[in-house]
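Top line first, the protein sequences correspond to chains A and B.
Its first residue numbered 115, the first sequence is counted upward by one per residue in this note's numbering.
Its first residue numbered 10, the second sequence is counted upward by one per residue in this note's numbering.
The beta-carbon is built from N, C-alpha and C at its ideal position, and this holds for glycine as well.
It should be emphasised that the depicted structure is a prediction, and the values quoted were computed from it without experimental measurement.
Some notes on the structure that comes next.
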Amino acid sequence: MKARRALQALLLCGVVVACLLAPTWAHAADLTVWHAYRGAEEAALREAVDRFAEGRGHRVRLVSVSFGVYDSKLETAIPRGNGPDLFIAAQGNLGKWRRMGLLVPAGDVSGEHRDPAIEALTEGGELWGQPLAFKSLMLIYDPEVIDTPPRTTDELLALSAALTEDGRYGLVYEAGTPFYHAPWMHGFGGAAIDEMGEPTLDTRAQVDALTFAAELAALMPTAPSADRVSSLYTEGRAAMIIDGPWRVADLGRRVAAAPLPLVSPTGEPARPYLTVEAAFVAARGQDPEAAAELASFLSGVDGAQIRQEVGRQAVTASRVVPSDPILQVQLDQAARSEPLPTDPEVQSAWEGLARALRQVLRGTVLPDRAMAAAQQHATVLRRPPPPPANPWPYGIVLALLALAGLGALGYRLRDPDLRRRMLVHAPDYLWIAPAGLAMVVLVVVPFLTGAAVALFAHHQGEWSFVGLAHFIDILLARDWPITSPMSFGFTLVVTVLWTVSNVTLHVVIGVALAMLLREPWVGLRGVWRALLILPWAVPNYITALIWRSLFDAQVGAINAILGLLLLRGEALQIDWFSSFATGFAANLTTNTWLGFPFMMVVTLGALQSIPRDLEEAAEVDGAGAWQRFRHVTWPMLMPALLPAMILGSVWTFNMFNVIYLVSAGEPDGSTEILISEAYRWAFSRGNRYGYAAAYAVLIFLVLLFYSRLANRLAGRKVL
Amino acid sequence: MAGVTLNGLYKRYGSTSVLEGIDLDVEDGEYIVLVGPSGCGKSTLLRCIAGLEEITAGTLEIGGRRVNDLSPRARNVAMVFQSYALYPHMTVRRNMGFALEVARRPKAEIREAVEDVAAMLDLVPLLDRLPGQLSGGQRQRVAMGRAIVRRPDVFLFDEPLSNLDASLRHHMRVELKHLHRRLQTTVFHVTHDQVEALTLADRIVVLHQGVVQQVGTPRELFDRPANTFVGTFIGSPSMALLPAVGAGGTVRIDGLEGELELPGEGAMTLGLRPTDIEVGRGPLRGQIEVIESLGAEALLHLDLGPDRKLVAQVPEPCQAQPGEVVSLLPRVVHRFHAETGERLP
């Protein structure tokens, strides 16, 4: 009997393993290509790949990977041998990927491609990908309005001013994004970082470029988003936009294009960042030679022809003649552009530059002050990690703690009664073992790993042990004054304010609605209840995105409704994310919408257990509605509400989605909370995982302290 | 303190009628007990007086003032609920003083009032406990105390004793009587327990299906029930009803031998109370089915003929045996109209 069971178990394991391996076997002979193309570009790639496969007898599998997760998927799959043979990507992460060993060099193709393409893909004297297409910003204009596009920035300013009147604009572009500011930055003679990777944001050229951008922005709607830019053009309300060829298909109107103008004060062309898309042969692929062959085909004349005709790409192959004027302009623009830096250090300059841009466009700070702050910001972010610490003292403390733990355990086990009971209950321990194991694997191990990571610094792929240095830096506000939004103290205050105001609103609204739903004159109670619980049932990131667009300065419903309510006759133009108070209010509104249903449901349940008699008794005792609530209902709701409030505070304290998606920390990171700051440290400020983990440990300690305190205040254990 | 007048009081929930034109005049300081079977509307009537239910039609006056549209707090009435409805999170002291607290009376005054009443009800040692730490009888006294502290014009008691065990109930009944004598406040007391009604009431109001059947002193109700409903409802064990026909000064119970000398002609219903039947002589004969001994007296369950049952109460010790046939003499006979059930003159 036992043997049969074992056999069955073995068979089951075999099936599971086979299922896991099946995908690998099934496609062992194929070439796998990853890409993030959509629409015409995807069709062109498919056609080119098919043409290649026909000729060679290879089977090629195209895998479309979502753009948002493309890089992280590559970075996790390739080192584990699950990655593609070939992938198509822009050169932006070349430096990082090369360092991570994800790439195989591409060999020599000079002469076949236009220079900027080769330049952008060469690092350390080697070419790392087969170039495919150029992408950069250019000037797109409405040929029905403009005959001759401006050749200098002076002409651009003048034309823009002449065409801007009642709801129409001469020029619109995403002025608040560093990528769109880059042409001016370069044209005025600046750069985000120098050859050594040091930020260069406070130079004269940078200030001039920013001053010029502010002049342009004064003629535009405030902080237009990409969608807003497209729709203004489509509606015929913008004569010129600055955007890439990828936007042309969405515009739905006739377009003409021109290279960006010369910067009048310097006489230099405005040079946008150039992205070169390339086919990269992945390390650890099944068949690197076939992959390299496919890459050459896609990149070469035949592949390029298909991509130009079907996918309307500005191809890098020098022997292919552009088939329409817009592609020609894109090629001309590529010749006067800056390759997007592949140095990961450039990330440290982005955040400060973005903040400076938005401050100046909003008119709250002067360009020189803003750029000085941006430089300071970037310098701190670039600062090397703390010096390595001696791990021995930590090891000794850890060992002593472990010994003390073992000692305590051994001491307790000396009790014969306990030993006997443990033996008697041995089967019971087995019963809870699976749950215990799950707890260890899912909770204890990640927690300890996180805590351990906080003792290490991660810098450009290298880890070093730094002990408690991160905690000291964070708590002593070593890099920023305590009043700066970047400091832990500031963010902690904002987080506490955020939590307190949210939970207060959740409870007030939740309890009020629950009380209202109990009133005898309220009809269709079930319908109301379901409707009011709905905000809770919708995934919170969807709600957050909806509220984000409702708070949009130009097309958001909130401004429109406020305009109606205040009888202005038109939508208000409040830029909700331009000040701390309004940005915080927008976050608060969103999270209140998400949070009140929980408190309402808890209250509805708790109200069921309060006998109606009690309120009637209070009514006969002469208590008014408020007194009845205050003295009778509320105290009786507390036992149910208090745990809910503690739980709600912890959720709100760590409510990443709302902050990240609604205000995204705007303005200037002041509305960030601790958890979203931790995220930024880990993922958008040079992958400082150790620093981020230290934030996480501090968050844990704050919440631990809070829940102990709440228990103490409640006078008993509620959680 | 005040009298209460109900004039043509109606209460309806949609198409369901609960109270159908109640007229009642209550003197200041009277102890009124409302009795009736479950669902007769007695609790609803009490809640209408308290202001917890809206009055559909008719008028309610307290102390000569029309209070139909006043909130409970403006009526100056105090209520004791069947569940006592003590606030579980407040001490006995705060429970009792709550009405004064919400009326924003000075702290010292509240303290004094609560302690006076607590002394009256032996609650002083319990003042700082929570209701959850009290026994049923103690909670009942706290509920009473909470009502008394306010010095209301009218007390409303909604089955205040029904959650107590028998001996405690008896004790509290006496205490209630005592309190009323001391306070001399008008009381409306709802119960389904007729013993409570008979012992406590100055006047009893018998309600049935939202209609007042009879209002009167306990004696009047017992001695001269206005109809068969009141006759059977008041008195325990209840009155037996037997159909009969009268002719020429005698009445014969349908299907039985033996005549009773009673006035009245034609069909009627006779009501016979167990206490009014003498066993051992008389015109009626019945066979003893069961003997229930109650200590001082015994109840004989008698079979007079097909469908004709009767209970007689006799003093103990009782010599009769089950199965024995005995003669019976009704000393008092209540006569009711055969169809309407109204008392015949």
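Less than 8 Å separating the beta-carbons of residue i and residue j?
i: G264 (chain B); j: G314 (chain B); result: yes
i: G640 (chain A); j: F712 (chain A); result: no
i: Q490 (chain A); j: A392 (chain A); result: no
i: T278 (chain B); j: T237 (chain B); result: yes
i: Q427 (chain A); j: A247 (chain A); result: yes
i: A626 (chain A); j: V460 (chain A); result: no
i: A788 (chain A); j: I813 (chain A); result: Looking at the sequence itself, residue 788 (chain A) is Leu, so the reference to Ala does not match. Yes, these two residues count as a Cβ contact at 8 Å.
i: V286 (chain A); j: M214 (chain A); result: no
i: A808 (chain A); j: F585 (chain A); result: yes
i: Y93 (chain B); j: V196 (chain B); result: no
i: P599 (chain A); j: D782 (chain A); result: yes
i: T706 (chain A); j: L619 (chain A); result: yes
Just to confirm my understanding: we take residue i, look at its own chain, exclude 5 residues before and 5 after, and list those with CB closer than 8 Å. What are they?
i: L69 (chain B); result: V13, T14, L15, N16, L18, C57, I58, R75, V76, N77
i: L173 (chain B); result: G145, G146, Q149, M181
i: S26 (chain B); result: Y19, K20, G219
i: P383 (chain A); result: G301, P373, L374, P375, L376, V377, R450
i: G281 (chain A); result: R351
Roughly how many angstroms lie between the CA atoms of residue i and residue j, to the nearest whole one?
i: P359 (chain B); j: R178 (chain B); result: Here chain B comprises residues numbered 10 to 354, so residue 359 (chain B) is not present and cannot be evaluated.
i: G603 (chain A); j: A448 (chain A); result: 46 Å
i: G399 (chain A); j: A191 (chain A); result: 11 Å
i: S723 (chain A); j: M88 (chain B); result: 22 Å
i: L365 (chain A); j: V607 (chain A); result: 45 Å
i: L95 (chain B); j: V101 (chain B); result: 8 Å
i: R114 (chain B); j: G23 (chain B); result: 41 Å
i: S578 (chain A); j: L273 (chain A); result: 55 Å
i: L55 (chain B); j: E786 (chain A); result: 60 Å
i: L815 (chain A); j: A513 (chain A); result: 23 Å
i: F522 (chain A); j: I510 (chain A); result: It is worth fixing the name first, because residue 522 (chain A) is Ala in this sequence and not Phe. Cα-Cα distance, rounded: 18 Å.
i: L569 (chain A); j: L582 (chain A); result: 6 Å
i: S663 (chain A); j: G624 (chain A); result: 25 Å
Can you list, in chain order, the residues of its chain whose CB lies under 7 Å from that of residue i, leaving out five sequence neighbours each side?
i: H141 (chain A); result: With a pLDDT of only 44 at H141 (chain A), under 50, the local geometry of the prediction cannot be trusted, and the value read off the model is given with reservation. Counting only Cβ-Cβ distances below 7 Å, and skipping sequence neighbours, we find R175.
i: I213 (chain B); result: V42, V44, A206, G225, P227, L230
i: A492 (chain A); result: P313, L315, S462, A463, G466
i: A340 (chain A); result: E288
i: P297 (chain A); result: L251, L374, A384, R385, P386
i: E62 (chain B); result: K20, T53, R56
Closer than 6 Å by C-beta to residue i: which residues in its own chain qualify, once you throw out the five before and the five after it? Chain order, please.
i: G182 (chain A); result: none
i: F90 (chain B); result: D167
i: T317 (chain A); result: G304
i: A136 (chain A); result: A caution first: A136 (chain A) carries a pLDDT of 48, below 50, which makes its placement in the model unreliable, though a value can still be read off. Answer for A136 (chain A): no residue qualifies.
i: L676 (chain A); result: L686
With contact counted as at least three CB pairs below 8 Å, one residue from each stretch, are the stretch 804 to 824 of chain A and the stretch 29 to 40 of chain B in contact? No: the two stretches stay apart, fewer than three of their Cβ pairs being nearer than 8 Å.
For the stretch 462 to 476 of chain A, which residues have a CB atom closer than 8 Å to at least one CB atom of chain B, in sequence order? Cβ contacts with chain B come from no residue of the stretch 462 to 476 of chain A.
Please identify, using Cβ separations under 8 Å, the residues of the stretch 706 to 736 of chain A that lie next to chain B, in order along the chain. Going along the stretch 706 to 736 of chain A in chain order, one finds P725, D727, L728, E730, A731, A732, E733, V734, D735, G736 with a Cβ nearer than 8 Å to chain B.
Decide yes or no for the touch test of the stretch 287 to 301 of chain B against the stretch 254 to 261 of chain B: beta carbon pairs closer than 8 Å, at least 3 of them. The stretch 287 to 301 of chain B is not in contact with the stretch 254 to 261 of chain B.
Report yes or no: do the stretch 246 to 261 of chain A and the stretch 358 to 369 of chain A share at least 3 C-beta pairs separated by less than 8 Å? Touching, yes, given that three or more Cβ pairs across the two stretches are closer than 8 Å.
Sufficient close CB pairs (3 or more, under 8 Å) joining the stretch 147 to 156 of chain A to the stretch 184 to 203 of chain A: At 8 Å Cβ cutoff, the stretches touch.
Within 8 Å, do at least three Cβ pairs link the stretch 461 to 470 of chain A to the stretch 481 to 497 of chain A? Between the stretch 481 to 497 of chain A and the stretch 461 to 470 of chain A there are three or more C-beta pairs closer than 8 Å, enough to call the two in contact.
How do the stretch 747 to 760 of chain A and the stretch 126 to 136 of chain B stand: do at least 3 beta-carbon pairs fall below 8 Å, yes or no? Touching, no.
With 7 Å as the C-beta to C-beta threshold (strictly closer), list the residues of the stretch 752 to 769 of chain A near chain B in chain order. Residues passing the 7 Å Cβ filter: none.
Would you list, in chain order, the members of the stretch 110 to 129 of chain B that have their beta-carbon closer than 9 Å to a beta-carbon of chain A? Residues passing the 9 Å Cβ filter: E110, V111, A112.
Count the C-beta pairs between the stretch 430 to 448 of chain A and the stretch 224 to 235 of chain A that are closer than 8 Å, then say yes if the count reaches three, no if not. A contact is defined here as three or more CB-CB pairs under 8 Å, and the stretch 430 to 448 of chain A meets this definition with respect to the stretch 224 to 235 of chain A.
Can you confirm whether the stretch 247 to 254 of chain B touches the stretch 268 to 284 of chain B when touching is taken to mean that 3 or more C-beta pairs between the two stretches lie within less than 8 Å? With the rule of 3 Cβ pairs closer than 8 Å, the stretch 268 to 284 of chain B counts as touching the stretch 247 to 254 of chain B.
Contact list for the stretch 553 to 579 of chain A against chain B, Cβ threshold 7 Å: Listed by position along the chain: nothing, the set is empty.
Taking a cut of 7 Å between CB atoms, which residues from the stretch 218 to 246 of chain B lie near chain A? For the stretch 218 to 246 of chain B, there are no residues whose beta carbon sits under 7 Å from a beta carbon of chain A.
Contact residues within the stretch 78 to 93 of chain B, judged by C-beta distance below 7 Å to chain A: For the stretch 78 to 93 of chain B, which is checked against every Cβ of chain A, the residues closer than 7 Å are P81, R82, V86, A87, M88, F90, S92.
Please identify, using Cβ separations under 7 Å, the residues of the stretch 39 to 62 of chain B that lie next to chain A, in order along the chain. Going along the stretch 39 to 62 of chain B in chain order, one finds A59, L61 with a Cβ nearer than 7 Å to chain A.
Using Cβ-Cβ distances below 8 Å, what residues of the stretch 625 to 639 of chain A are close to chain B? Under the 8 Å Cβ criterion, the stretch 625 to 639 of chain A contributes no residue.
Three or more C-beta pairs closer than 8 Å, one from the stretch 332 to 345 of chain B and one from the stretch 285 to 294 of chain B: is that the case here? The stretch 332 to 345 of chain B makes contact with the stretch 285 to 294 of chain B: 3 or more CB pairs, one atom from each, lie closer than 8 Å.
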